[in-house]
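Engineer: What follows is a single structure, and I will ask about it in a moment.
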Amino acid sequence: MLVDDPELVQMIFDKVGSSLEEYYRMAVGHPGVGAAISNDDWGFFSQTMLSTEDMKKYVLPWHQKISDVIHKSGKPAILHSCGQVEKMMPDICKLYEGKHSYEDKILPVENAYDIYHDKIAILGGIDLDFVCRKTPQEIYERSCKMLEKTQDKGGYALGSGNSIPYYVPFENYLAMISAATVNS
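In this note's numbering, the protein residues as written are -3 to 180.
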């Protein structure tokens, strides 16, 4: 469709983008909202869903508008995006105060912190596959190490690399979050 009907592509992005912009305008007006997370998976394991040029043409302008709405309310803006977004990180860092979702196959959270912590808050990142497959002790130790690594520099919030689905062993989830209670 990008080749056959770029005008239709633009219309679709404009319709979805304007709907999201209005949603965030309403959401950030609520007194119980302290920050707003824009959820928009931008990539796969190996690349962004669209070319970098098309991301900048179709996606980024709407994220600029969404970020502006959130910032005008005096609240921080956070991006949740799965996938390989390395080429988009300079833009992400300009628009958002925090980024969530890191995957070990793409960029482990420890590495993401080393690269980006002085530009954007690193949120979550204990890989969901790791939380599912490892022992509670391994999860606890990795979570503690991440908190120790970041305690003097800040810019990190402990959490998973994604939402916690029903199939995550409860004891594994508790192992991750219990690291925060010990390190607080």
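Beta carbons: idealized from backbone N, C-alpha and C, even for Gly.
By DSSP, does T48 sit in helix, in strand, or in coil?
Structural biologist: helix
Engineer: Considering Cα atoms alone, identify which of S47, G28, M142, G157 is closest to P71.
Structural biologist: The sequence given here has Lys at residue 71, not Pro. With distances taken between Cα atoms, K71 lies closest to G28.
Engineer: Starting from I111 and walking both ways along the beta strand (DSSP E), at which residues does that stretch end?
Structural biologist: No beta strand (DSSP E) contains I111, which is instead part of the alpha helix (DSSP H) from 105 to 112.
Engineer: From L56, H96, R129, pick the residue whose C-alpha is nearest to that of H113; which is it?
Structural biologist: Among L56, H96, R129, the Cα nearest to that of H113 is on H96.
Engineer: Classify A73: buried if its beta carbon has 16 or more other beta carbons within 10 angstroms, exposed otherwise.
Structural biologist: The residue in question, A73, is buried, as its Cβ has 16 or more Cβ neighbours within 10 Å.
Engineer: Of the residues K61, Q133, I33, which one's Cα is nearest the Cα of F9?
Structural biologist: K61
Engineer: Using only CA atoms, which one of S174, D148, C89, K149 lies nearest to G155?
Structural biologist: Comparing C-alpha distances from G155 to each of S174, D148, C89, K149 shows the shortest one belongs to S174.
Engineer: So I135 packs on V127, CB below 8 angstroms; how close in whole Å?
Structural biologist: 6 angstroms
Engineer: At what residues does the beta strand (DSSP E) containing N35 begin and finish?
Structural biologist: N35 -> beta strand (DSSP E) spans 32 to 35.
Engineer: Report back the beta-carbon spacing between G121 and G79 to the nearest angstrom; my notes put them in contact at under 8 angstroms.
Structural biologist: Not really, about 14 angstroms apart at Cβ, beyond 8 angstroms.
Engineer: Within 10 angstroms of its Cβ, does G197 collect 16 or more other Cβ (buried), or is it exposed?
Structural biologist: Residue 197 falls outside the range modelled here, since the chain spans only -3 to 180, and no answer is possible.
Engineer: Should N168 be labelled buried (16 or more other beta-carbon atoms within 10 Å of its own) or exposed?
Structural biologist: buried
Engineer: Grouping DSSP H, G and I as helix and E and B as strand, with all else coil, what is H59?
Structural biologist: helix
Engineer: DSSP beta-bridge partners for S159?
Structural biologist: In the DSSP output, where bridge partners are listed per residue, S159 has none listed.
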